[in-house]
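2 protein chains.
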Amino acid sequence: MSVLIVGSTALDSIKTPKGENPRLLGGSASHAAVAASFFAPVKLVGIVGKDFPKRYVDLYRKHKIDLSGLQVVEGKTFHWSGEYEVNMNNRRTLATDLGVFETFSPKLPALYQKSDYVLLANIAPSLQSHVLDQMRRPKFVVADTMDLWLNIALPDLLKLLKRVDGFVLNDSEARQLTKEDNVVAALKKIHKLGPKYVIVKKGEHGAILSSSAGLFLSPAFPLAHVVDPTGAGDSFVGGMMGYLSTAKGSIDSNIRRAMVCGSVAASFCCEGFGLKFTTRITRKAIDERVKHLEKLARF
Amino acid sequence: MSVLIVGSTALDSIKTPKGENPRLLGGSASHAAVAASFFAPVKLVGIVGKDFPKRYVDLYRKHKIDLSGLQVVEGKTFHWSGEYEVNMNNRRTLATDLGVFETFSPKLPALYQKSDYVLLANIAPSLQSHVLDQMRRPKFVVADTMDLWLNIALPDLLKLLKRVDGFVLNDSEARQLTKEDNVVAALKKIHKLGPKYVIVKKGEHGAILSSSAGLFLSPAFPLAHVVDPTGAGDSFVGGMMGYLSTAKGSIDSNIRRAMVCGSVAASFCCEGFGLKFTTRITRKAIDERVKHLEKLARF
Chain A
515 MSVLIVGSTA LDSIKTPKGE NPRLLGGSAS HAAVAASFFA PVKLVGIVGK DFPKRYVDLY
575 RKHKIDLSGL QVVEGKTFHW SGEYEVNMNN RRTLATDLGV FETFSPKLPA LYQKSDYVLL
635 ANIAPSLQSH VLDQMRRPKF VVADTMDLWL NIALPDLLKL LKRVDGFVLN DSEARQLTKE
695 DNVVAALKKI HKLGPKYVIV KKGEHGAILS SSAGLFLSPA FPLAHVVDPT GAGDSFVGGM
755 MGYLSTAKGS IDSNIRRAMV CGSVAASFCC EGFGLKFTTR ITRKAIDERV KHLEKLARF
Chain B
515 MSVLIVGSTA LDSIKTPKGE NPRLLGGSAS HAAVAASFFA PVKLVGIVGK DFPKRYVDLY
575 RKHKIDLSGL QVVEGKTFHW SGEYEVNMNN RRTLATDLGV FETFSPKLPA LYQKSDYVLL
635 ANIAPSLQSH VLDQMRRPKF VVADTMDLWL NIALPDLLKL LKRVDGFVLN DSEARQLTKE
695 DNVVAALKKI HKLGPKYVIV KKGEHGAILS SSAGLFLSPA FPLAHVVDPT GAGDSFVGGM
755 MGYLSTAKGS IDSNIRRAMV CGSVAASFCC EGFGLKFTTR ITRKAIDERV KHLEKLARF
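Each protein sequence line maps, in turn, to chains A and B. Residue numbering for the first sequence is 515 to 813, as defined by the working numbering. Residue numbering for the second sequence is 515 to 813, as defined by the working numbering.
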């Protein structure tokens, strides 16, 4: 089965202690779609300007990503530039040029509307809801978010949360949303907002899932050298949803391994600038690293 | 087999957002010894003043801790007081009264000198070395430490590290020691200082072991309510060494489960002030939580 992914499609100019790279392919949907593509066919929904480099369209195509939901319009592609500190958990946004993204209204091609697995990658929650409005009874919908929406669009986010099966956010966002310092306690509070599956991402420390089946502690693959963490969280949810959409059996019986696959996809993402490393790997490399991670976590 | 534990024996006055408790039984050796006592007989080496409450001696005895290495001398017991913020990863020391600890020179009773398993819990590295000077060919020696010794006794610590099998420190200490921001890279650097087994504690995020057998990612037991994290790290190494000292087979084949047992001991420690909760549990409660943790981490 395929997975529908909506989110931002952007150009990222990134500086980390390991180097500097301008106008890389970026955005939540790009990272999530490439990570998901190793597991399942992907249908992308996004918007880019006429300046969007053909080589990036080719890169999507190389990953067999269905682009019939990618709007190409007059104007400039969303451009983000940021700089990471030596401790790459800390980053500073240098510039955000929304460009064509400012007027983005996701339109789903008819063939997209019947998708069973839907990933609402990080964009404004009103746009995430607008995508759901166009869907016909999807089987499993997961939304990701970021601190920006907690700050400026909380009512929209709360509306969205009543309509999704799964919700993914990072630990500081979980604290901000629930005013609860303890992540385990925060997870419980977030269930009350709607989602049956709540996942808190903790970067290099892995992720925690809370569902009716209890908690799951997903490890992160340990990396001695991180080049650029941009898009790691998007790769995590993308890999997870890609795996889930093709796995046989119930969500409950697959979501743990799906998270580990997402975690591994995120680890590859961190090893190169933007999508440079991720677009060079294979499904086999992911499977090998999942096996490796199993060994590292066994006791 | 028994485990020899040397470290601080103190009275702790602790304030956390959950309450305030004066003159609790504390110190690295106390926490480590109680945690280890669930797995193995413990020989304690420490010093207290004549003001040390009899009820705490009784508490050690309840845990069948051998006190022939506990010096009771004229003067006041080491007293520490501290306050935790809402985010309990942050704490502030309000007062440190060394008392009799200032003149502490660990003396090992003859029966202690042949111990196979030695835990040099957190005290000055020169004292940790002094204990090793008195040992006859121990089988497995692990040292714990704290940032204070990195700041004021680094040469002593570096000397000690050449003499121990295992070294335990937390993530920020690992960064400080190696000037390496990435924990995985830091682990590799620490091996070069001597220890074959290096363990970095990451609090609620678990711990990482590096050894010739590779890495091991030990999960932490997720707690929705933390009352007082004081002594959690000491409980971790104590539980680990207690388990190791009685397990059959090689260190390599037991150390992963030993770390998980330590992690579980640490989780109980966090659920009460000082040692209040830990001294109420049983080995059975630990084993059940280890099983629970196995389920939470399985994928």
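We treat Cβ as the ideally placed atom computed from N, Cα and C, and that holds for glycine. Keep in mind it's a predicted model, so treat the numbers as computed, not measured.
Identity of the residue in the options nearest residue i by Cα
i, options, result
"Tyr757 (chain A)", "A:Leu723, A:Ser527, A:Ala554 and A:Val778", "A:Ala554"
"Phe750 (chain B)", "B:Asp766, B:Ser777, B:Ser725 and B:Ala799", "B:Ser777"
"Tyr598 (chain B)", "B:Thr607, B:Lys790, B:Pro733 and B:Phe592", "B:Thr607"
"Arg650 (chain A)", "A:Ser595, A:Leu625, A:Ala667 and A:Leu668", "A:Leu625"
"Ser498 (chain A)", "A:Val740, A:His739 and A:Tyr574", "Missing from the structure shown is residue 498 (chain A); chain A here goes from 515 to 813 and no further."
"Ala635 (chain A)", "A:Val614, A:Val678, A:Trp594 and A:Ser595", "A:Val678"
"Pro567 (chain B)", "B:Thr610, B:Lys621, B:Asp580 and B:His593", "B:His593"
"Glu616 (chain B)", "B:Ile579, B:Arg794, B:Asn665 and B:Gly563", "B:Gly563"
"Glu588 (chain A)", "A:Ala811, A:Ile561 and A:Met515", "A:Ile561"
"Ser725 (chain A)", "A:Lys703, A:Gly521 and A:His719", "A:Lys703"
"Lys676 (chain A)", "A:Val774, A:Phe791, A:Gly745 and A:Pro639", "A:Pro639"
"Ala699 (chain A)", "A:Asp630, A:Asn604 and A:Leu729", "A:Leu729"
"Gly533 (chain A)", "A:Asp742, A:Asp766, A:Ile713 and A:Leu664", "A:Asp742"
"Cys783 (chain B)", "B:Ile800, B:Asn768 and B:Ser686", "B:Ile800"
"Leu672 (chain A)", "A:Leu701, A:Phe654, A:Gly708 and A:Lys653", "A:Gly708"
"Gly745 (chain A)", "A:Leu538, A:Val712 and A:Pro531", "A:Leu538"
"Val614 (chain B)", "B:Pro623, B:Tyr631 and B:Val586", "B:Val586"
"Thr796 (chain B)", "B:Cys775, B:Leu807 and B:Ala721", "B:Cys775"
"Pro620 (chain B)", "B:Pro669, B:Lys798 and B:Gln648", "B:Gln648"
"Lys653 (chain B)", "B:Tyr631, B:Leu664 and B:Trp663", "B:Tyr631"
"Ile579 (chain B)", "B:Thr793, B:His806, B:Gly786 and B:Val682", "B:Thr793"
"Leu525 (chain A)", "A:Leu664, A:Ala721, A:Ser767 and A:Phe787", "A:Phe787"
"Thr530 (chain A)", "A:His806, A:Glu785, A:Pro669 and A:His719", "A:Glu785"
"Leu807 (chain A)", "A:Phe618, A:Leu668, A:Glu687 and A:Ser732", "A:Ser732"
Three-way DSSP call (helix, strand, coil) for residue i in this model
i, result
"Thr792 (chain B)", "helix"
"Lys568 (chain A)", "helix"
"Gly521 (chain A)", "coil"
"Glu808 (chain B)", "helix"
"Ala657 (chain B)", "strand"
"Arg537 (chain A)", "strand"
"Ser527 (chain B)", "strand"
"Gly776 (chain B)", "helix"
"Lys798 (chain B)", "helix"
"Gly756 (chain B)", "helix"
Sub-9 Å separation of residue i and residue j beta-carbons
i, j, result
"Gly752 (chain A)", "Val548 (chain A)", "yes"
"Leu612 (chain B)", "Thr523 (chain B)", "no"
"Asp572 (chain A)", "Thr591 (chain A)", "no"
"Phe813 (chain B)", "Arg803 (chain A)", "no"
"Val559 (chain B)", "Ala550 (chain B)", "no"
"Leu737 (chain A)", "Gly540 (chain A)", "no"
"Phe552 (chain A)", "Ala761 (chain A)", "no"
"Gly680 (chain A)", "Lys706 (chain A)", "no"
"Leu674 (chain A)", "Gln642 (chain A)", "yes"
"Ser527 (chain A)", "Asn535 (chain A)", "yes"
"Met515 (chain A)", "Val740 (chain A)", "no"
"Gly717 (chain B)", "Asn696 (chain B)", "no"
"Asp748 (chain A)", "Ala609 (chain A)", "no"
"Ala734 (chain B)", "Ser781 (chain B)", "yes"
"Met773 (chain A)", "Leu723 (chain A)", "yes"
"Leu633 (chain B)", "Leu518 (chain B)", "yes"
"Tyr570 (chain B)", "Ser595 (chain B)", "no"
"Val520 (chain B)", "Ile637 (chain B)", "yes"
"Leu622 (chain A)", "Val645 (chain A)", "yes"
"Ala721 (chain A)", "Asp766 (chain A)", "no"
"His719 (chain B)", "His577 (chain A)", "no"
"Val714 (chain A)", "Leu701 (chain A)", "yes"
Check: residue i C-beta below 8 Å from any heavy atom of the ligand NAD
i, result
"Leu758 (chain B)", "As far as ligands go, the structure on display features none, and thus does not contain the ligand NAD."
I'd like the ranges of any beta strand (DSSP E) spanning at least 3 consecutive residues and lying wholly in the region 577-645 of chain A.
579-587, 593-598, 605-611 and 631-634
Answer yes if the region 655-664 of chain B comes into contact with the region 685-699 of chain B, meaning at least three C-beta pairs across the two stretches below 8 Å, and no otherwise.
yes
What residue ranges within the region 673-753 of chain B form continuous alpha helix (DSSP H) runs of no fewer than 4 residues, ordered along the chain?
Runs of the alpha helix (DSSP H) inside the region 673-753 of chain B: 685-692 and 697-705.
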